[in-house]
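S.K.: Residue numbers (the numbering used here), protein chains in the order written: chain R, 11 to 147; chain A, 35 to 576. Take a look at this one; I'll ask things after.
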């Protein structure tokens, strides 16, 4: 476990090696990322992407709120509005065309918990096995 | 369940490391460090790759195989091993099936025949076959150079056959290791985000697995097999699929034959994209949902040695972004589902009930002991360093089958009109479609360039640094040319990290492996022409 309160142990977001990293935070921003010595896969090592490639997290290109297409343009909206629209449209399409009219591209960049729920959602709420991610390679 | 059979540390305790279709040094630098330490301790590394990548400098031998001819090479190695009596007889007899069928298949693959197909000298094929077979411990590692072909699954079978022939499987220091390209490729598959698998590797039609899921979920599991990505794209094109939910992927820029992919996404009735950054795919969406990213989200990942590890939030996500798993639950609840997960750990607890291999892994154990390698069937189990040790036990159980495979050329080969072969890959400092790495500092060469052998450049009259137009049967783009010693004559290379500058996947071929649905990113025929648009270097020709 880590000594400093501003340090958090996590895993790198890039390739499938899964190196252990220590993220240091100052003023709600990442100040430094280094290898975590106790990690049994990477033993404290990290590559250039892991140590320096995290700038995108603080990028001004980050999505900060839901967007809905209105009159052809993606327009800021509340969660309530976005979720209602999705639920309505999904239900409508399911009624009209059945569950196999849906597909899900899930993410091999996100967590097990996300991938599990995406699969459960497609199979139990929508009712199709049409889900994939790039993990057949 | 598909997974690496071994662990990274074993690379430091083996005699032969065959690196086949993997630029490990650039794409998996820390796994390469394990290999490097193994080499220091005396292991011989054999690099099998069309390009003279930097890691060939550390290799005992580099076999410059022609793109897409790996089966011919592997089968010729098998031919030599059988012909010279180097087969591990005990192992083959006790633990494997279909050896005779394999022997029959590789009979015609003499090293001389393979030399003509692969370009690797027959004597080198013999030498490496002997080296691999005679070692006490030997391991094969591969990545997309093996799988991103129209016959990728068969390529993998060809490598598995070699391990079965020699008994280099199921013991410490020997194994078959696909190195995963993204942080949770392994976990995504293990979690059932696949059209033919449920959670924990159950086949979608396995009655036992279905029953377990139906008990835990309280709803029936759909009976029909799902569509993999390539089939989904086809179904989107012919309007069978009307609505798509994309989570943290950018298929418009990452999938082969990009122009076509964009067209079929535009064709949808309704598209929802959930991501951390605006992407070309998200720009086509009806609804875009903001997710938390790395260092913000919570949960687990599984790495290339089957280790289940924790990611933890160090920061709050920007604006009103939410965790990926939370968003899926929000949609499910709006549609009437009775889901009540309070946190990522609640979800993991449900996963444990469905996947016997993960049953012994808890968040508490990961916090206290560090990540654990599956299979880990109960809370006292330490996790598993390498798979298939049963093959060496008295109780072998189900025998491992040889899967004879037949060499077939790439789906598209150079011809008079498109005379060069293009292969694609990653570069050290960058990642995939560049959404995350486009704007990071301190790195050189932050632009795309087509790498080409000096003789090819001279033949077409190109100079280093010149802008050229590159075309395939599917699309074209403009990029800079870079004369490179890595390239053999006839083969050019591009990455796909800078799609706004040069959208490499407009060129690539979506010819698909019928077994896995993986497109042939690694081989397509192109032509290169002088570029009239010299003053517009960023222009993408549509």
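Note that beta-carbon positions come from the ideal geometry of N, C-alpha and C, so glycine has one too. Note that the structure is predicted; figures quoted are calculated from it, not measured.
1. Smallest Cα separation from residue 103(A): which of 86(A), 181(A), 310(A)?
2. Could you work out which residue in 527(A), 361(A), 393(A) is closest to residue 310(A) when comparing CA atoms only?
3. Counting Cβ pairs, one atom from each stretch, are 3 or more of them under 8 Å apart for the region 63–71 of chain A and the region 502–516 of chain A?
4. Count the CB pairs spanning the region 124–133 of chain A and the region 84–93 of chain A that are closer than 8 Å, and state whether there are at least three.
5. Does the CB of residue 42(A) have a neighbour CB from chain R at under 7 Å?
6. Determine the burial state of residue 30(R): buried for a count of at least 16 other Cβ atoms within 10 Å of its Cβ, exposed for fewer.
7. So, using beta-carbon positions, are residue 67(R) and residue 327(A) closer together than 7 Å?
8. With burial defined as no fewer than 16 other Cβ atoms inside 10 Å of the residue's Cβ, what is the status of residue 376(A): buried or exposed?
9. Inspect the beta-carbon positions of residue 141(R) and residue 234(A) and report whether they are closer than 7 Å.
10. Excluding five sequence neighbours on each side, which residues of the same chain lie with their C-beta closer than 8 Å to the C-beta of residue 36(A)?
11. Please confirm whether residue 56(A) and residue 200(A) have their CB atoms less than 7 Å apart.
12. Based on Cα-Cα distance, which residue from 457(A), 172(A), 408(A), 168(A) lies nearest to residue 73(A)?
13. Does the Cβ of residue 179(A) have 16 or more other Cβ atoms within 10 Å, making it buried, or fewer, making it exposed?
14. Looking only at C-alpha atoms, which of 382(A), 308(A), 364(A), 404(A) sits nearest to residue 341(A)?
15. Can a CB atom of chain R be found closer than 7 Å to the CB of residue 304(A)?
16. Between which two residues does the alpha helix (DSSP H) harbouring residue 397(A) extend?
17. Would you decide whether residue 561(A) is buried or exposed? Buried here means 16 or more other CB atoms lie within 10 Å of its CB.
18. Could you please give the first and the last residue of the uninterrupted beta strand (DSSP E) stretch that includes residue 516(A)?
19. For the region 61–86 of chain R, list every residue whose C-beta sits within 8 Å of some C-beta in chain A, in sequence order.
20. Below 8 Å, how does it come out for the region 77–92 of chain A and the region 515–527 of chain A: are there three or more Cβ pairs, yes or no?
21. In the DSSP output, which residue or residues are listed as bridge partners for residue 79(A)?
22. Under DSSP, the beta strand (DSSP E) around residue 453(A) begins and ends at which residues?
23. Would you tell me roughly how many angstroms separate the C-alpha atoms of residue 440(A) and residue 106(A), rounded to the nearest one?
24. Where do the N-terminal and C-terminal ends of the alpha helix (DSSP H) with residue 148(R) fall, by residue?
25. Is the distance from the Cβ of residue 316(A) to the Cβ of residue 358(A) below 7 Å?
26. Could you tell me how far apart the beta carbons of residue 28(R) and residue 338(A) are, in whole angstroms, since I believe they sit closer than 8 Å?
27. Residue 130(R): buried (16+ other C-beta within 10 angstroms of its C-beta) or exposed?
28. What are the residues of the region 235–255 of chain A that lie near chain R, defined by any Cβ-Cβ distance shorter than 9 Å?
29. Buried or exposed: where does residue 286(A) fall if 16 or more other Cβ atoms within 10 Å of its Cβ makes it buried?
30. For residue 142(R), go through chain A and note every residue whose CB falls closer than 8 Å to its CB, in chain order.
31. Alpha carbon to alpha carbon, what distance is there between residue 219(A) and residue 145(R)?
32. Does the beta carbon of residue 99(R) come closer than 7 Å to any beta carbon on chain A?
33. Name the chain A residues that come within less than 7 Å of residue 130(R), Cβ to Cβ?
34. When DSSP builds the beta bridges, which residues end up paired with residue 20(R)?
35. Return the CA-CA distance between residue 69(R) and residue 355(A), expressed in angstroms with no decimal places.
36. Can you give me, in chain order, the residues of the region 37–61 of chain R that have a beta carbon less than 9 Å from any beta carbon in chain A?
M.R.: The structure says:
1. In the second chain, counting from the first residue as 1, residue 103(A) sits at position 69. Measuring from the Cα of residue 103(A), the nearest candidate turns out to be 181(A).
2. Residue numbering aside, residue 310(A) sits at position 276 when the second chain is read from its first letter. Its Cα nearest to that of residue 310(A), the residue 361(A) stands out among 527(A), 361(A), 393(A).
3. In short, these stretches do not touch, since the Cβ pair count stays below three.
4. no
5. Along the second chain, one-based indexing puts residue 42(A) at 8. Answer yes: the Cβ-Cβ gap between residue 42(A) and chain R drops below 7 Å somewhere.
6. Sequence index remark: in the first chain, residue 30(R) carries index 20 (1-based). Buried.
7. Working through the first chain from its first residue, we reach residue 67(R) at position 57. Working through the second chain from its first residue, we reach residue 327(A) at position 293. Going by C-beta atoms, residue 67(R) is nearer than 7 Å to residue 327(A).
8. Within the second chain, the letter at position 342 stands for residue 376(A). Classification of residue 376(A): exposed, given that the 10 Å Cβ count is below 16.
9. As a working mapping, residue 141(R) is identified with position 131 in the first chain. As a working mapping, residue 234(A) is identified with position 200 in the second chain. It is not a contact, given that the beta carbons lie outside the stated cut-off.
10. Taking the first residue of the second chain as 1, we reach residue 36(A) at position 2. Hits under 8 Å: 212, 223.
11. Here residue 56(A) corresponds to residue number 22 of the second chain, with the count starting at 1. Here residue 200(A) corresponds to residue number 166 of the second chain, with the count starting at 1. Not a contact, by the Cβ cut-off of 7 Å.
12. Here the question's residue 73(A) lines up with position 39 in the second chain. Ranking 457(A), 172(A), 408(A), 168(A) by Cα distance to residue 73(A) puts 172(A) first.
13. Residue numbering aside, residue 179(A) sits at position 145 when the second chain is read from its first letter. By the neighbour-count rule (16 or more Cβ atoms within 10 Å), residue 179(A) is buried.
14. For this step, residue 341(A) is matched to residue 307 along the second chain. With distances taken between Cα atoms, residue 341(A) lies closest to 404(A).
15. Here residue 304(A) refers to the residue found at position 270 when the second chain is read from its first residue. Yes, residue 304(A) lies at the interface with chain R (some Cβ there is under 7 Å from its Cβ).
16. Within the second chain, numbered from 1, the residue matching residue 397(A) stands at position 363. Element bounds for residue 397(A): 397–403.
17. Translated into positions along the second chain, residue 561(A) becomes position 527. Answer is buried; the Cβ neighbour count reaches 16.
18. Here residue 516(A) corresponds to residue number 482 of the second chain, with the count starting at 1. Looking at the DSSP string, the run of the beta strand (DSSP E) that includes residue 516(A) is 510–517.
19. 62, 63, 64, 65, 66, 67, 69, 71, 72, 73, 74, 75, 76, 77, 78, 79, 84
20. Contact between the region 77–92 of chain A and the region 515–527 of chain A is present, because at least three Cβ pairs lie under 8 Å.
21. Walking along the second chain from the start, residue 79(A) turns up at place 45. In DSSP, residue 79(A) forms a bridge with 51(A).
22. Numbered from its first residue, the second chain carries residue 453(A) at position 419. For residue 453(A), there is no enclosing beta strand (DSSP E), as DSSP gives it neither H nor E.
23. Along the second chain, one-based indexing puts residue 440(A) at 406. Along the second chain, one-based indexing puts residue 106(A) at 72. So the two alpha carbons sit approximately 8 Å from each other.
24. Any question about residue 148(R) goes unanswered here, given that chain R covers just 11 to 147.
25. As a first step, residue 316(A) is located in the second chain; it is residue number 282 there, counting from the start. As a first step, residue 358(A) is located in the second chain; it is residue number 324 there, counting from the start. No; because the gap between Cβ atoms is not below 7 Å, this pair is not in contact.
26. As a working note, residue 28(R) is residue 18 in the first chain. As a working note, residue 338(A) is residue 304 in the second chain. Between residue 338(A) and residue 28(R) the Cβ distance is about 7 Å, and since that is below 8 Å, they are a contact.
27. Reading the first chain from its first residue, position 120 is the one you call residue 130(R). Flag for residue 130(R) reads buried.
28. 238, 247, 251, 252, 253, 254, 255
29. Position 252 of the second chain, counted from the first residue, corresponds to residue 286(A). Residue 286(A) should be labelled buried.
30. By one-based count along the first chain, residue 142(R) stands at place 132. Neighbours of residue 142(R) on chain A, chain order: 227, 228, 229, 260, 261, 262, 263, 266, 551.
31. Along the first chain, read from residue 1 onward, the residue named residue 145(R) stands at position 135. Along the second chain, read from residue 1 onward, the residue named residue 219(A) stands at position 185. For residue 145(R), the pLDDT reaches just 48, beneath the cut-off of 50, and the residue's location in the model is therefore unreliable, leaving the point undetermined.
32. Residue mapping note: residue 99(R) aligns to position 89 of the first chain, counting from 1. Chain A contact via Cβ: present.
33. The residue you call residue 130(R) lines up with position 120 of the first chain. Within 7 Å Cβ-Cβ: 251.
34. Within the first chain, residue 20(R) is the residue found at index 10, counting from 1. Paired residues: 31(R).
35. Looking up residue 69(R) in the first chain gives position 59. Looking up residue 355(A) in the second chain gives position 321. Whole-angstrom Cα-Cα distance: 14 Å.
36. 38, 39, 40, 43, 45, 48, 49, 50, 51, 52, 53, 55, 56, 57, 58, 59, 60
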